[in-house]
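Structure record follows, encoded as structure tokens.
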Amino acid sequence: MKNCEVCAAGLSEIFTVKEMMLGFRDEFEYGICQSCSTIQILALPDAITDYYPPYYYSFTEVIPKIKPLPLMKRLVNDFRIKKRYRKNENDQLKWLKPLGVRPSQKILDIGCGNGKLICELFNIGFQKVQGVDKFISKDIDYGHGVKVFQKDLSELKKGHYDLLMMHHVFEHMSEPLEELKKSHALLKKDGYLIVRIPVVGKAWEIYRDQWIQLDAPRHFFIHTEESIAILAEQSGFSITDVIYDSSGFQFWGSELYKRDISFVEAETKAYRRAVDFFSEEVLAEYEHEARRLNDSHQGDQAVFYLKKI
Ligand SMILES: [Zn+2]
């Protein structure tokens, strides 16, 4: 039997997970590492692109129009961004805030799709934002230096970036250690990589194969703090912080799967909305429970801050 791809220990339990986001309901085998507890797919699907149809959410995001800051605002940009961090003014800044990323620093969003987040960051005042995604059809140039490259990480400029971000991308990568090593090479000295991923937590214990964040077969790995620590060490990073950012989605999404309801509606291809299935009270309780779990590092997703050493 196969061993853990992260730490090479044996897998303790093999189980089957259905594709439920799109409602295909085909089955995939996953295993749990008996040492680092990472959940991993046993065999990569032959045609993974079939599971990313054109209506998959990251292909249909609306991109805001690029608007450079007027000169007066550019002159006080550092001050403006600091104030926004303080006041939690923009959702897009909540991951950058713990690092106090400055608007003049070079940022690369890895696996960014069409580049929605980098366009939003540019409009907030970050002047050197780029993205990379090898699964888009061609490079995209939004102007003012805002570009998305259709490339592998190994093809980008080494030692160039202050900050790399992977927002719910790392769990889709078949060779996580290799991708971390490539990321390491792209960073300047003391640069940071932010990795936001689903993690094995309480929701896994409650819902098992019906847990929405297993997301078979798109998620190849569902990591743990332990597996990220192993990979970080092997790729030249130190973990400086781990912040749990799970939401009520872990409950209401998994409750849908428990009722055998796919996340995308078969005919309309629309994504389900929580309010169509659950009362306000129930949803408030789910959010409350998510915050409680986050505080005790048991939520089902987290942000890892990795510093290049
Ligand atoms: Zn392991």
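Position one of the sequence shown corresponds to residue 1 (the numbering used here), numbered consecutively onward. Heads up, the beta-carbon is just placed ideally off N, CA and C, and yes, glycines get one too.
If you compare alpha carbons, which of F59, S12 and L71 is closest to L42?
Reading the sequence shown from its first residue, position 42 is the one you call residue 42. If we check each option's Cα against that of L42, S12 comes out closest.
Going by DSSP, what residue range makes up the beta strand (DSSP E) through Q34?
Start at 1 with the first residue of the sequence shown, and residue 34 comes out as number 34. Careful: Q34 lies outside any beta strand (DSSP E) and carries neither H nor E.
Spatial neighbours of L180 within its chain, please: C-beta separation below 6 angstroms, excluding the five flanking residues on both sides.
Working through the sequence shown from its first residue, we reach residue 180 at position 180. Setting aside the 5 residues that flank it on each side, L180 is surrounded in the same chain by L231 and S235, each with a C-beta closer than 6 angstroms to its C-beta; the list follows chain order.
So, using beta-carbon positions, are S104 and K65 closer together than 8 angstroms?
Against the sequence shown, residue 104 aligns to sequence position 104. Against the sequence shown, residue 65 aligns to sequence position 65. With respect to the 8 angstroms criterion, S104 and K65 are not classified as neighbours on the basis of their beta carbons.
Answer yes or no: do L121 and Y161 have a C-beta to C-beta separation smaller than 8 angstroms?
Working through the sequence shown from its first residue, we reach residue 121 at position 121. Working through the sequence shown from its first residue, we reach residue 161 at position 161. Annotated as distal: L121 and Y161, with beta-carbon spacing of 8 angstroms or more.
Are the Cβ atoms of V132 and V146 separated by less than 8 angstroms?
Taking the first residue of the sequence shown as position 1, residue 132 is located at position 132. Taking the first residue of the sequence shown as position 1, residue 146 is located at position 146. Using a Cβ distance threshold of 8 angstroms, V132 and V146 do not count as a contacting pair.
Under 7 angstroms: does the beta carbon of A9 sit that close to some heavy atom of ligand 1?
Position 9 of the sequence shown, counted from the first residue, corresponds to residue 9. Yes, ligand 1 has a heavy atom inside 7 angstroms of this Cβ.
Under the criterion of a Cβ to heavy atom distance below 7 angstroms, does C36 qualify as lining ligand 1?
Here residue 36 refers to the residue found at position 36 when the sequence shown is read from its first residue. Because some heavy atom of ligand 1 lies under 7 angstroms away, the Cβ of C36 counts as near it: yes.
Under 8 angstroms, do Y55 and Q40 count as touching if we go by C-beta distance?
Here residue 55 is taken as the residue at index 55 of the sequence shown, counted from 1. Here residue 40 is taken as the residue at index 40 of the sequence shown, counted from 1. In this structure, Y55 keeps its C-beta atom at 8 angstroms or more from the C-beta atom of Q40.
Is C4 near ligand 1, going by C-beta to nearest heavy atom under 7 angstroms?
Here residue 4 refers to the residue found at position 4 of the sequence shown. Correct: C4 has its Cβ closer than 7 angstroms to ligand 1.
Could you tell me which residues DSSP pairs with P103 in its beta bridges?
Walking along the sequence shown from the start, residue 103 turns up at place 103. P103 has no beta-bridge partner at all, per DSSP.
Where E285 sits in the DSSP three-state scheme:
Start at 1 with the first residue of the sequence shown, and residue 285 comes out as number 285. In this structure, E285 counts as helix in the three-state DSSP scheme.
Could you check whether the Cβ of S227 sits closer than 7 angstroms to any heavy atom belonging to ligand 1?
On the sequence shown, residue 227 is found 227 positions in, with the first residue counted as 1. Yes.
N- and C-terminal bounds of the beta strand (DSSP E) containing A274
For this step, residue 274 is matched to residue 274 along the sequence shown. Counting along the chain, no beta strand (DSSP E) covers A274, and no H or E run does either.
Beta strand (DSSP E) segment containing G131, residue limits:
Position 131 of the sequence shown, counted from the start, is the residue given in the question as residue 131. K128 to V132 is the extent of the beta strand (DSSP E) around G131.
In chain order, what residues of the same chain have a beta carbon less than 6 angstroms from the beta carbon of H167, not counting five sequence neighbours either side?
The count along the sequence shown starts at 1 and reaches residue 167 at position 167. Within the same chain, R196 come within 6 angstroms of H167 by CB-CB distance, once the 5 residues on both sides are set aside.
First through last residue of the beta strand (DSSP E) which encompasses I230:
Here residue 230 refers to the residue found at position 230 when the sequence shown is read from its first residue. Segment E225 to S235 is the alpha helix (DSSP H) holding I230; no beta strand (DSSP E) there.
Give me the DSSP bridge partner(s) of I197.
Taking the first residue of the sequence shown as 1, we reach residue 197 at position 197. The partner list for I197 (beta bridge, DSSP) reads A302.
Between the Cα of F304 and the Cα atoms of K73, L163, N114 and H288, which residue gives the shortest distance?
In the sequence shown, counting from the first residue as 1, residue 304 sits at position 304. That would be L163, whose Cα lies nearest to the Cα of F304.
Go to S183, then tell me how far its alpha helix (DSSP H) extends in each direction, as first and last residue.
By one-based count along the sequence shown, residue 183 stands at place 183. DSSP places S183 in the uninterrupted alpha helix (DSSP H) bounded by P176 to L186.
Which of the three DSSP states is assigned to N3 in this structure?
What you label residue 3 is simply residue 3 of the sequence shown in a count that begins at 1. Here N3 sits in strand by DSSP.
Backbone CA spacing between R86 and L117 [nearest angstrom]:
Numbered from 1 along the sequence shown, position 86 holds the residue referred to as residue 86. Numbered from 1 along the sequence shown, position 117 holds the residue referred to as residue 117. Those two C-alpha atoms are separated by around 20 angstroms.
Secondary structure at H297, three-state DSSP: helix, strand or coil?
Translated into positions along the sequence shown, residue 297 becomes position 297. In this structure, H297 counts as coil in the three-state DSSP scheme.
Give me, in chain order, the residues of the same chain whose beta-carbon lies closer than 6 angstroms to that of L69; leave out the 5 immediate sequence neighbours on both sides.
Translated into the one-based positions of the sequence shown, residue 69 becomes position 69. Within the same chain, L69 has close Cβ partners G125.
Nearest neighbour of L177, chosen from Y192, V6 and Q301 [CA to CA]
Here residue 177 refers to the residue found at position 177 of the sequence shown. The shortest C-alpha separation from L177 is found at V6.
So if DSSP puts Y257 in a beta bridge, which residue, or which two residues, is it bridged to?
Along the sequence shown, one-based indexing puts residue 257 at 257. Paired residues: none, contrary to the question.
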